[in-house]
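Numbering (this note's numbering), first residue to last: 451 to 696.
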């Protein structure tokens, strides 16, 4: 049975995250994709995603995989899916892969970007995709702090309390802060992420940008291995899964 790898983009504003969960309050991206697949194939398919994005988180390069008996040519899959998906979810690309391919477990690294809109006046057209902060932030200090996040560390301090994870070590290949006008971007590439990891990183960097913490506090926060030592969790709306690499 052919296995397909499909790249998706979606606006997560109206979804309770990627994954279908019994307690989910509202539709999920996985649920909408599964419903679209059933309309196309008549099969009950549970698509697997590279990243299980939280409620309100967006994606430009989410990758899913699934097997199907449908005889739709691989090059026709994006067009077919887009004809039945909601307008805020789009299939960008489809390729046939080996039967043992798994979108999550085969991923080597993921790139997330968090966007902050740093301006006294809000931008109504950016409010769904950024965290609006009026107070000017020290971007240079934030960039210095981000560099300390690179490397292999125990990121327990940057994981939501109560997360049922047993191993907290992750390899961060890149963590950087840049600015373009009122937009501040935090880009992070890693082999994997803990629950709320990127959003807690951002919340901590904002505390540094507000000069409530110094950049050199990051190593101590990592060493503490305590969620209480890091900053608040940034809102979901500014986070986007940009790309998954295999």
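For glycine and all other residues, C-beta sits at the position ideal for the given N, C-alpha and C.
Counting along the chain, no beta strand (DSSP E) covers residue 649; the unbroken alpha helix (DSSP H) around it starts and ends at 647-659.
Taken through DSSP and simplified to helix, strand or coil, residue 671 comes out as helix. Listed as beta-bridge partners of residue 487 by DSSP are no residues whatsoever. When the five nearest sequence neighbours on each side are left out, the beta carbons in the same chain lying within less than 8 Å of the beta carbon of residue 619 are those of 602, 603, 604, 605, in order along the chain. In the structure shown, the three-state DSSP call for residue 679 is helix.
DSSP lists 540 as the beta-bridge partner residues of residue 459. Around the beta carbon of residue 659, a 10 Å sphere encloses 16 or more other beta carbons of the protein chains shown; the residue is thus reported as buried. Within a 10 Å sphere around the beta-carbon of residue 482 sit 16 or more other beta-carbons, which makes this residue buried. Here residue 532 carries a helix assignment [DSSP, helix/strand/coil]. Where residue 595 is concerned, the enclosing alpha helix (DSSP H) starts and stops at 589-597.
Under the 8 Å Cβ criterion, the segment 487-505 does not count as touching the segment 541-550, having fewer than three qualifying pairs. Taking the Cα of residue 561 as reference, the smallest distance to any Cα among 640, 657, 673 is reached at 640. Remark: C-beta atoms of residue 632 and residue 569 approach each other more closely than 7 Å. Under the Cβ criterion (8 Å, minimum of three pairs), the segment 640-655 does not count as touching the segment 458-466.
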